[in-house]
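Following the UniProt record's numbering from start to finish, the sequence shown increments by one per residue and tops out at 409.
A short write-up of the structure that comes next.
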Amino acid sequence: MDKLARDGGTPVRTTPLPSVADASGRRFGDEEVKAVERVLRSGMLSATWGTEVPGLEQEFAELLGASHAVACSSGTAALHLAVAAVDPEPGDEIITTPISDMGTVFPILMQNAVPVFADVDPLTGNLDVSAVAAAITERTKAVMAVHLFGKPAPVLELRELCDRHGIVLIEDCAQAYLAPVGDTYVGRIGHIGCFSLQQTKHISAGDGGLVVSDDAGLARRMRLFSDKGWPRDTDERTYLFLALNYRMTELVGAVTRAQLARLRGVVDDRRTAAARATAGIAGLSGITTPPDDGDHVYWQYPLILDPSVAGELHEWAAALTAEGVPANGGYLTSPLYAAPALRERSTYGQSRFPLQDVDYPPGLCPNAEELIERRLLVLPWNENYTSADIDDIVAAVRKVHAALAREAR
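In structure tokens form, the structure reads like this:
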């Protein structure tokens, strides 16, 4: 058995894998450069009077088959638009997942609503429908489902549940561009779908966001909320309700239009790379590869470990990283409800509102805690991985498995 690199052995790989943090793992080319130049030469960088952002909104709506699309400044802003459109009363509840970026949760608090955390499926990390159903109360205003790592959450079942209770379904699609659900895509099952253009996503303009909806009322409210409540379709300079400035710039809109033309290829190449990896890893004892019914679009590549068979999670992450394959144990340090902001109720001054009477105890979502603490191993994924890159990843996983699974025995 080869000695692990962490123990002084030769690493499987000594050159860095393509990374979303630099040009090696991003698809930016002449089209994006021309887009930026086009906007700069026009002299109009504001979408309020520009053409790039309206063009992007039309193209994105057409791509997804949505009636309305609204661009904004980030994925977190997109989620804030969605929550604001739902218009919760102070203290109303929005059910969501404990495994996501905090950008999923902070918009709920910013609208004075209470995040309610439901447990997740132990294999996908996505919301469990029965846990969501058990969390619904008379104060539930919406459910916010995240498509974690690119695997669609059970949104068909969640939409049926929401419709039965008269509540809104919001989809956080930041990690799941073009992931299919039935005969459509994520973002099209819920009342609102939210997308991110942050650096690491399938397509990127550095930061930016998009929302889609078939509901004209929700779409109008989101557009108003992105622009200080200012109804620009009238001649009046007036402000209809409390809102922020989340406008996208023309530069971001132009780059995103160029990126949008690359999206299908990016998704296809990530799926092809993942299929090769899964074929090489499947069958290793104590490791479960990502469940994929032809619907996973692989923002990242998650493995589920049985530590009693495969070895300890954080040893795995350290050992793989030493082999030249960056890995993250747990994805998060803790479930979102255990983050200091929520645990200490650090919201509005000393009021702790709207969390002053809310408790998020340990054990609230046992499946989520088990995944983060003991089972969820995340590998970064990339559309620019070559077959040789994937073979190195597989070789590193198999090498670490041979050592750590043996130790676990």
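Built from N, CA and C at the ideal position, the CB exists for glycine as well.
Residue(s) in a DSSP beta bridge with residue i
i, result
"S213", "H68"
"P180", "Y185"
"I170", "M144 and I192"
"G329", "L377"
"I95", "V116 and V143"
"L303", "L377"
"N245", "D227"
"L127", "V120"
"S46", "T249"
Alpha carbon of residue i to alpha carbon of residue j, nearest angstrom
i, j, result
"V397", "N384", "20 angstroms"
"R221", "L305", "44 angstroms"
"L197", "A174", "8 angstroms"
"L342", "D269", "38 angstroms"
"L148", "E32", "28 angstroms"
"R232", "L224", "9 angstroms"
"P361", "T289", "31 angstroms"
"P307", "G329", "12 angstroms"
"T200", "E373", "24 angstroms"
"V186", "A205", "21 angstroms"
"G166", "D295", "28 angstroms"
"R38", "W49", "15 angstroms"
"F106", "S346", "11 angstroms"
"D391", "R159", "40 angstroms"
"L284", "G349", "51 angstroms"
"S42", "R188", "35 angstroms"
"T76", "A21", "20 angstroms"
"T234", "A279", "57 angstroms"
"D163", "T137", "14 angstroms"
"R27", "E236", "43 angstroms"
"T51", "L40", "13 angstroms"
Other residues of its chain near residue i: CB distance less than 8 angstroms, five sequence neighbours each side excluded
i, result
"P291", "L123, T124 and K151"
"P16", "S24 and G324"
"A274", "P290, D292, H296, Y298, Y301 and W381"
"Q356", "R345"
Proximal residues to residue i (C-beta, below 7 angstroms), its chain only, five neighbours per side dropped
i, result
"V36", "L251, A254 and V255"
"A135", "I95, V116 and A118"
"G9", "D2 and K3"
"A5", "P11, A322 and E323"
Cβ-Cβ distance between residue i and residue j below 8 angstroms
i, j, result
"S74", "G208", "yes"
"I95", "V129", "no"
"I393", "A277", "yes"
"L263", "L178", "yes"
"S213", "A219", "yes"
"V211", "A78", "yes"
"A310", "I287", "yes"
"G265", "T184", "no"
"D172", "S67", "no"
"L404", "E323", "no"
"Y239", "L81", "no"
"V53", "A47", "yes"
"T104", "V132", "no"
"L377", "L313", "yes"
"E59", "R257", "yes"
"V155", "V358", "no"
"D87", "A368", "no"
"V70", "I108", "no"
6 angstroms CB neighbourhood of residue i in its chain, flanking five on each side removed
i, result
"L379", "Y301 and A327"
"G25", "P18, S19, N382 and N384"
"L320", "A327, A396 and V400"
"N112", "P90 and P354"
"R375", "I304 and L305"
"S351", "none"
"Q259", "I203"
"G229", "Y239, L240, F241 and A243"
"P98", "F117, P335, L336, Y337, C365 and A368"
Residue i versus the options, residue with shortest Cα-Cα distance
i, options, result
"M44", "L284, T249, K399 and T272", "T249"
"W381", "A339, P18, D215 and P54", "P18"
"L169", "K141, L178 and G29", "K141"
"L161", "V143, T238 and A205", "V143"
"C365", "L376, P354, K3 and A338", "A338"
"D30", "R345, A261 and L303", "A261"
"A85", "R139, I203, F241 and L4", "F241"
"M110", "L336, L244 and L377", "L244"
"V12", "A388, E407 and L284", "A388"
"D121", "E407, I192, T386 and E370", "E370"
"H202", "R188, V267, D293 and T386", "V267"
"C72", "C194, L40 and A5", "C194"
"G363", "E344, R164, T347 and P335", "P335"
"E157", "L40, V181 and T137", "V181"
"R271", "E344, T386 and T14", "T386"
"R139", "D92, L127, M102 and N126", "D92"
"A216", "L63, T234, I192 and A279", "I192"
"N126", "A176, D22, T51 and R41", "A176"
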